[in-house]
Amino acid sequence: MTLARAAGVILSKELRTEFRSRELLGTTVVFVLIVIVLFSFTFNPTSSESRRFGPGLLWLAFLFAGSLMLQSSFVREQTNDTLAALRLAPIDPFSILAGKMAANFLFLLLVEVILLPVFAVLYNVAILPVLGPLLVVLALGTIGLAATGTVFSAVAAQARLRELLLPLLLLPVLAPVLIASTEATVGILRDPSELSLVWLTFLFCFDVVFLTAAWMVGEYLLEE
Amino acid sequence: MRWSVVARNNCCAIWSRAEPSRVSTPPASSPNGSPGGGPSLGLSIQINEVEKRYGMRLALRGVTLSIAAGECVALVGHNGSGKTTLLKIAAQLTRPSRGKIAFHAGENPISLEEVKNRVGLVGHHTLLYEELTAEENLIFFAKLFGLENPPGKAREALQPVGLSGRATDLVRTFSRGMRQRLSIARALLASPGLLLLDEAGTGLDPEGQQWLGAAIKRLRDSGCTILMSTHGRNETQGAVTRAIRLDGGKITHDSGPGGDPHKILVMAAVRDSGEESAS
Amino acid sequence: MATEAQAQQTGRAVISVPSIALVFLLLAAASYGALIWSPTENTMGLVQRIFYFHVSSAWSGFVSFVLVFIGSIAYLRTRALKWDWLSVASAEVGVAFFTIVLVTGPIWAKPVWGIWWTWDARLTSSFLLWVLFVSYLVLRTLVDEPERRALVSAVFGIFAALDIPLVYFSIWWFRTQHPQPVIGDGGKLDSRMGWVLLLTWAAMLGVMTVLIRLRYRLEALRAEVDAYRMEASRNA
C-alpha cells in the first residue's frame, strides 16, 4: 500500500473519530477564546494598538492551544494500544505520522478559522479585505505547527510528564514560526500590498525543512 | 503481494461448517502457493538466539526455537516470563536486542515486510478504536491491509464471531467478551498464516472460551500456524499440539513438534493455581 | 564481549595531560591578551574587554550544538550509544557556553548602555538556543531507559539543530526591520584586537573540547557500570 494511500486512510479515521465527538475541537476553540479575552486585559485594544500587538497575541494563542491539543493525537492511540494495531499493518510507519500530521493540520486550521472573525470583532481589526493573504499565512504557519507538533507528541508520548513536556519542546522550536507569522500578519493588516515575500518564503522553508526531517527520522519514534 | 484466492477460499471454509480439507486449490498460479497444491496457509518460524532487553531488564535470554507450519503451540509460564515479549517479536512489534527471527512459507523464505501481511495478533489490549463502530473498525483495518472490498470483508468477518447484529454500534458500548471477539475478528481479517494470541481467553465466559477453542481448532485444521500464550488450564487449549514453558526469559520445557503437550499444560495449570491460592 | 569493547572506548576518551596543559596555556595567553595586551577601546572603555569572551563563547556554544546534531544523526544510523554520549556531552557544554554569553551580555550592556538587556539579534538568538538545548536536557531527564532516551533525544536533537539557522535568520531579519542597540559589537577592531579575538576563539574551542571529552568519559563510565550490572543479572 502506498504511503499516500495509507496516510489517507489514517487521516479519514482521525477525522471521523474527532468529528463524532468534537470534544477536542470544542475544547480547543474555547481555550483560544479565553486566551484572546485575557490578552485584551493586558493592553488597550484600540485599532492601531491592536494591529501592532494583536497578531502576535493571536499566534501565541494558537501556539499554546496547539501544544496542548496535539498531545491527544498519540494519547488516544494508547488507550487500547491501537498504535500497535497500526504498526502491525503492512504500511510504511511514516504514513502513521503523515496521516496524523494532516489531521492535526486540518483541526488546527479549523480552530484558527473559527477564531479569526472573533478576534477581528473583539479587537477592531479589519480582516475581510485581506482575507486571502491572511489565510495563506495561517496555512503556512499551521503546517509548521502541525508537522513539528505531531513529531514531538510522539517524542513526549515516550517520556514522563508528557503534558508539560510537549509545550516545553515545541514552543522554542516554533519561535521562528511565531516571528515570521506575526510579522507577516502585521504587515498585511497594516497594508495589504505589504505581503512580505521574505517571511512567506521563510515559513515555506521552515515547513519543508521540518517535513523532510520528520519523513527521515520520524518513524523511529514509533518503534518499541 | 495481496493474499491469493487460495487463502480466501480457505478462510470461507473455516467459518462455514464445510470440511476445510476438501477445499480445492487452484494449481501453481497462486504466487504464494506451494507447487504441489494444497493450502500453504501456515508460516513456519525460526527464532535464533533471541535476546530482548528493556533497559536493565532481560525479558528474553538466548531463546532458540523452531515452529513448523500448522503447529498449534501453547506458551506457558508466569507473568514476566517472556511470553508476551516473544509474541511481540513474532509480530514484529519489537526488534530483538540480539539474535534473529525468520519466517518461511513452505520452502520459501519470506521477507519481514511481507510477513506483516500474514500475521494476526490478539493482544492484551483490544487494539480497537472505542469511538468507531465495530464495522468501521474492521473496514479501517481491512483498508490498511490492502484487502479488496473492505466493507464486504468487514461484514463477512463479523458473522462468525456473532457480532453482525452489533455492526453499527460503537465499540465503547461493548462488553469485555464482545470486544475480545471483535479483536479476534480483526486479527483474522487478512486470513493470516500465523495467528498470535496473548491470553486471548481472559475476559471470556466459559461459553466464549469454548467457542474460541473450537475456532482455534478449525484454524489449525486449515493449516494456520498458531502461537498462543495461556494461563492455567482452559477451554482454549483443546487444539494445542505442542507446549513450551518459559521461565525468566528462557525455555525450560518443550514438548517438541511431535510430542504430547498435555503434561506441560497440566504442570503449568497446577503451578498457576498454586500461585493463585498462595497469593 | 560488550563490556570489554565499552571499556576500550572509555579508555580512548582519557584526557592526556599535555592536551590539558596546552588548553591552559591558550587560555592564559588569551586572558592576558584580552585583559592587558589589547588596546582599550575608545568609547566603551575597560568593560569592552569582555567582548572577546562573549563572542568566543557564542562560537564555541554554536560548535557544541553542531556536535549534538552530528551525534544525533550518527546515533540514528548506527545505534551505537557512544554517539548519544557525545550528544549529551556537547549539549551540556553548549548550554554552559551560552550561559556565559547570556551573563556577559548584561555585564557589558549595563555600563555601556545603561540597560541590562536589549533584545539584539545575537543575544536573542543565544537566549533561544540556550532555551532550546535546555529543553533537550530536560527531555533526557524524563526518559529512563537508555536506548529509548538516546532515540528520542536524537530525534529532538536533530530538529533542534535544524532550527538553529532558522532561529538566527528570523531574529536577524526581524531586527533589521526593527533596529535596536547592539550589544554584541566589539566597536572598531584594530589589528591587535583581531589577534586577541582569534586567540580567545582558539582557547575557548580548546576548553570546549576538554569539557566535552570529560563529560563523554563520564557517560561512558556510567554505561560500563550498567553493562557490568547487566552481565551480573544475566548470569544470575
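Residue numbers (our numbering), protein chains in the order written: chain A, 14 to 237; chain W, 5 to 283; chain G, -10 to 225.
Cβ coordinates follow ideal geometry from the N, Cα and C atoms, glycine included.
Would you be able to state if there are at least three C-beta pairs under 8 angstroms between the segment 153 to 160 of chain G and the segment 182 to 192 of chain A? yes
Within 7 angstroms: the Cβ of residue 34 of chain G and any heavy atom of the ligand SAM? Annotation note on the ligand SAM: not contained in the displayed structure, which lists no ligands.
Near-chain W residues of the segment 4 to 28 of chain G - C-beta to any C-beta below 9 angstroms: none
Among residues of its own chain, excluding the 5 on either side of residue 81 of chain A, which ones have a beta-carbon nearer than 6 angstroms to its beta-carbon? none
Buried or exposed for residue 94 of chain W, going by 16 or more other Cβ atoms inside 10 Å? buried
For residue 120 of chain W, which residues from the same chain have a beta carbon less than 7 angstroms from its beta carbon, with the 5 sequence-adjacent residues on both sides left out? 96
Roughly how many angstroms lie between the CA atoms of residue 165 of chain A and residue 82 of chain W, to the nearest whole one? 37 angstroms
Within the continuous beta strand (DSSP E) that includes residue 104 of chain W, where are the two ends? 102 to 109
Under 7 angstroms Cβ-Cβ, which residues of chain G neighbour residue 59 of chain W? 133, 134, 135
Between residue 167 of chain A and residue 87 of chain A, which are expected to be in contact by the criterion C-beta below 8 angstroms, what is the C-beta distance as a whole number of angstroms? 6 angstroms
I'd like the list of long-range same chain contacts for residue 83 of chain G, defined as Cβ closer than 6 angstroms, with 5 residues on each side in sequence excluded. 50, 53, 54, 122
Chain-ordered neighbours of residue 34 of chain A on chain W, where CB pairs are closer than 9 angstroms: 135
If we cut at 8 angstroms on Cβ distances, does residue 196 of chain A have a partner in chain G? yes
Nearest chain W C-beta to residue 232 of chain A closer than 8 angstroms, yes or no? no
Can you list, in chain order, the residues of its chain with a C-beta nearer than 7 angstroms to that of residue 7 of chain W? Leave out the 5 residues immediately preceding and following it. In this prediction, residue 7 of chain W scores a pLDDT of 37, lower than 50, which makes its location untrustworthy; the coordinate-derived value is nonetheless stated afterwards. Excluding sequence neighbours, residue 7 of chain W sits near 121, 194, 195.
Test item: CB-CB of residue 145 of chain W and residue 136 of chain W under 8 angstroms: no
Residue(s) in a DSSP beta bridge with residue 125 of chain W: W:200
Using the C-alpha atoms, what's the distance from residue 234 of chain A back to residue 144 of chain A? 38 angstroms
Just the C-alpha distance for residue 138 of chain G and residue 65 of chain G, rounded to the nearest angstrom, thanks. 12 angstroms
Indicate whether at least one CB of chain G lies closer than 8 angstroms to the CB of residue 39 of chain W. Any reading at residue 39 of chain W must be qualified, since the residue scores a pLDDT of 33, below 50, and its modelled position is unreliable; no value is offered.
Taking a contact to mean a Cβ-Cβ separation below 8 angstroms, would you say residue 146 of chain G touches residue 61 of chain G in this structure? yes
Of all the residues that make up the segment 138 to 154 of chain G, which are near chain A by a beta-carbon distance shorter than 8 angstroms? 140, 141, 143, 144, 145, 147, 148, 149, 151, 152
Against residue 178 of chain W, what residues of chain A qualify as contacts under a CB-to-CB distance less than 9 angstroms, listed in chain order? Residues of chain A passing the Cβ test: none, with the nearest at roughly 11 angstroms.
Identify the contact partners of residue 52 of chain G in chain A, using a Cβ-Cβ distance below 7 angstroms as the criterion. The contacting residues do not exist; residue 52 of chain G stays about 20 angstroms from chain A at best.
Using DSSP bridges, identify the partner residues of residue 112 of chain W. W:109
Please state whether the Cβ-Cβ distance between residue 77 of chain G and residue 208 of chain G is less than 8 angstroms. yes
Could you check the C-alpha separation between residue 60 of chain W and residue 229 of chain A for me, to the nearest Å? 29 angstroms
Which first and last residues belong to the beta strand (DSSP E) in which residue 228 of chain W is found? Unbroken run through residue 228 of chain W: none, as it is neither H nor E.
Taking the DSSP output, what are the residues bridged to residue 257 of chain W? W:249
Ends of the alpha helix (DSSP H) at residue 49 of chain A? 36 to 53
Residue closest to residue 235 of chain W, alpha-carbon to alpha-carbon, out of W:46, W:80, W:163, W:68: W:80
Which partner residues of residue 139 of chain A appear in the DSSP bridge assignment? None, per the DSSP bridge assignment.
Alpha carbon of residue 186 of chain G to alpha carbon of residue 35 of chain G, nearest angstrom: 16 angstroms
Where residue 156 of chain W falls: helix, strand or coil (DSSP): helix
Between residue 173 of chain W and the rest of its own chain, which residues show a CB-CB distance below 8 angstroms, the 5 nearest in sequence each way excluded? 137, 138
My understanding is that residue 253 of chain W touches residue 86 of chain W, with C-beta atoms under 8 angstroms, so please give their C-beta distance in whole angstroms. 4 angstroms
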